[in-house]
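For the sequence shown, the working numbering begins at 31 and goes up steadily by one. Backbone N, C-alpha and C define an ideal beta-carbon position, used for all residues, glycine too. For reference, the structure is listed below as structure tokens.
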Amino acid sequence: MDIDVLERIGRFGHEGVYTVSDTVTGLQAIIGVHSTTLGPALGGTRIRPYSSFADALEDVLRLSRAMTYKAAVAGLQFGGGKAVIVGDPLTVKSEALLEAYGKAVDALGGKYVTAEDVGSTVADMSVVRRQTPYVSGLSVEEGGSGDPSPATARGVLAGMKATSAHIWGTSDLAGRRVVVQGVGKVGGVLASLLSEEGCDLAVADVADGVAEELAERIGATVIAPDQALLYPCDILSPCALGGILNARSIPTLECAAVVGSANNQLAEDSDADRLSRAGIVYAPDFVVNAGGIDNIAEEFHADGYSEERALVRVAGIGGVTTRVLERAREQSVTTVSAARRLAEERLVSG
Ligand code: NAD
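Have a look at this one:
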């Protein structure tokens with residue numbers, strides 16, 4: 031490894047970073063174990079093409095660190111980990127490759143527990159499971175919790191209501207204008223829930239016809255993807271990609287709050303200050319998008335998975351969001367700093 035790679039790994043204090051390659055199946059993966067202080071490092075497997083090893087490494091390092099914070103703030107007995115498999119999921123994925131990946135996860139002896147993420151599915155996890163027990167997010171038929179996206183959407187809704195109460199003194203979202211950027215697995219469910227809440231809803235998606243079909247079904251305005259961040263609204267909900275809140279986009283935002291599921295919404299840590307200076311309340315992504323991991327964590331309960339218990343835990347995201355926002359206000363720090371402090375306190379107290 032060269033100095034740059036070692037520097038990157040050292041920056042966030044990872045416990046371990048493991049590279050995996052298998053010439054037979056073409057598997058190229060990186061597994062990042064950020065922390066096992068609170069328990070096994072839990073986090074999904076992202077399958078996507080990367081332009082370089084450095085890009086893939088950066089992604090796994092940032093995502094696995096965020097998982098540590100996410101699990102700690104959510105009050106779970108799990109640490110933070112994440113893995114990336116390099117390649118287009120449509121072409122690179124095969125049963126043999128997923129089994130080879132399962133062997134690599136197994137070799138870590140339970141330090142890392144995987145699950146689905148962007149580019150991987152519940153069905154893929156069943157294949158990984160042939161080689162290792164350290165896998166979660168399994169299908170309901172296999173005793174698992176199934177697709178985590180609906181739980182993630184419910185958690186974002188709970189975070190949004192808490193943010194609304196913090197800003198406007200009421201958790202009632204009726205009449206609030208909300209923009210959902212990306213109406214895929216999470217954003218689509220969230221938009222339906224917001225429609226039931228009586229929001230003045232606008233949706234955007236780059237995939238052909240997806241936003242139009244949803245808008246027709248639930249009653250929403252469709253906006254062009256390049257207008258999503260510029261559209262005047264009460265709450266912007268990024269549910270597509272990370273890195274969208276940056277030095278260029280923040281000055282053009284026309285919202286009072288940002289509450290969405292996308293991981294790593296801030297391009298840089300300093301963007302939290304930029305949002306705060308712009309008077310925009312940012313509910314940190316790793317606080318409000320913990321519904322999926324809350325749901326998955328229930329698979330490890332001694333009595334097995336229970337949707338009822340999972341939903342109670344997911345609803346708790348509202349209370350955690352309130353604590354984070356109040357703390358930020360009281361201590362005059364950004365909401366991201368407040369949330370990280372909360373996580374770090376848990377990492378010390380266990
Ligand atoms: P998804 O792929 O199902 O949906 C993403 C949608 O965003 C797609 O419909 C895509 O076409 C659209 N999109 C992509 N770029 C866009 C752009 N520039 N403008 C508008 N739309 C765009 O993914 P998902 O599972 O719904 O996850 C969404 C985000 O939430 C991701 O960042 C993911 O990491 C994060 N997240 C998901 C979960 C979960 O349970 N699925 C949990 C935590 C965090």
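For residue i, three-class secondary structure by DSSP
i: K123; result: coil
i: E146; result: strand
i: P180; result: helix
i: Y80; result: coil
i: G185; result: helix
i: T75; result: strand
i: P163; result: coil
i: K191; result: helix
i: L106; result: coil
i: V135; result: helix
i: Q211; result: strand
i: V116; result: strand
i: T251; result: strand
i: V342; result: helix
i: Y99; result: helix
i: G205; result: coil
i: A313; result: coil
i: L259; result: coil
i: L68; result: coil
i: G111; result: strand
i: V318; result: helix
i: A287; result: strand
Reference residue i; option with closest CA among the options
i: C285; options: A297, L271, R304, P262; result: P262
i: S94; options: R78, V116, I39; result: I39
i: G322; options: T55, T144, D89; result: T144
i: V104; options: D299, V318, V378, E329; result: First, the amino acid is wrong: residue 104 is Ala here, not Val. Nearest C-alpha to A104: V318.
i: D256; options: R76, T55, S279, G62; result: S279
i: E172; options: V152, I253, V252, T49; result: V152
i: L271; options: D89, G348, D136; result: D89
i: D324; options: D333, A332, A340, G309; result: A340
i: A59; options: P79, S267, R343, G69; result: P79
i: V350; options: S336, R76, T193; result: T193
i: G62; options: A86, V54, T55, L68; result: A86
i: G380; options: T98, K112, L203, E37; result: T98
i: G8; options: L127, D154, A84, G46; result: Residue coverage of the chain in this structure runs from 31 to 380, which leaves residue 8 outside it and unanswerable.
i: R92; options: L68, H64, V252; result: H64
Segment limits, alpha helix (DSSP H) that includes residue i
i: R304; result: 301-307
i: V50; result: No alpha helix (DSSP H) holds V50; the beta strand (DSSP E) holding it covers 46-52.
i: I274; result: Note, I274: premise wrong, no alpha helix (DSSP H); not H, not E.
i: D324; result: 321-327
i: A232; result: Per DSSP, A232 belongs to no alpha helix (DSSP H); it is in the beta strand (DSSP E), 230-234.
i: A369; result: 365-379
Contact under 8 Å by Cβ, residue i with residue j
i: V233; j: I265; result: no
i: E125; j: Q161; result: no
i: V213; j: L260; result: no
i: G205; j: G348; result: no
i: V135; j: V116; result: no
i: V216; j: S166; result: no
i: A292; j: D315; result: yes
i: S382; j: I326; result: The requested residue 382 is not part of the displayed model; the chain covers only 31 to 380.
i: R76; j: V35; result: no
Whole-angstrom distance between residue j and residue i, CA atom to CA atom
i: G73; j: E226; result: 31 Å
i: T364; j: P119; result: 37 Å
i: A237; j: L283; result: 23 Å
i: L231; j: G218; result: 12 Å
i: L275; j: L296; result: 5 Å
i: D52; j: V148; result: 22 Å
i: E338; j: A221; result: 22 Å
i: S82; j: L57; result: 15 Å
i: T66; j: S169; result: 26 Å
i: G273; j: Y335; result: 33 Å
i: V186; j: V344; result: 9 Å
i: I310; j: I197; result: 10 Å
i: A195; j: P163; result: 42 Å
i: T55; j: H44; result: 28 Å
i: L372; j: A101; result: 11 Å
i: G139; j: A71; result: 11 Å
i: L355; j: T121; result: 43 Å
i: K133; j: D177; result: 23 Å
i: A332; j: L106; result: 14 Å
i: R250; j: E37; result: Here the sequence assigns Ala to residue 250, which means Arg is not the residue at that position. About 47 Å.
i: D303; j: E375; result: 22 Å
i: L68; j: A183; result: 25 Å
i: Y142; j: G346; result: 25 Å
i: V210; j: R247; result: 15 Å
i: Y131; j: A84; result: 20 Å
i: V252; j: A320; result: 27 Å
Unbroken beta strand (DSSP E) run spanning residue i, endpoints
i: A59; result: 57-65
i: L355; result: Where L355 is concerned, there is no enclosing beta strand (DSSP E), although the alpha helix (DSSP H) it sits in stretches over 347-361.
i: S267; result: 265-268
i: V152; result: Note, V152: premise wrong, no beta strand (DSSP E); alpha helix (DSSP H) at 152-158.
i: V170; result: Premise fails: V170 is in no beta strand (DSSP E) and is neither H nor E.
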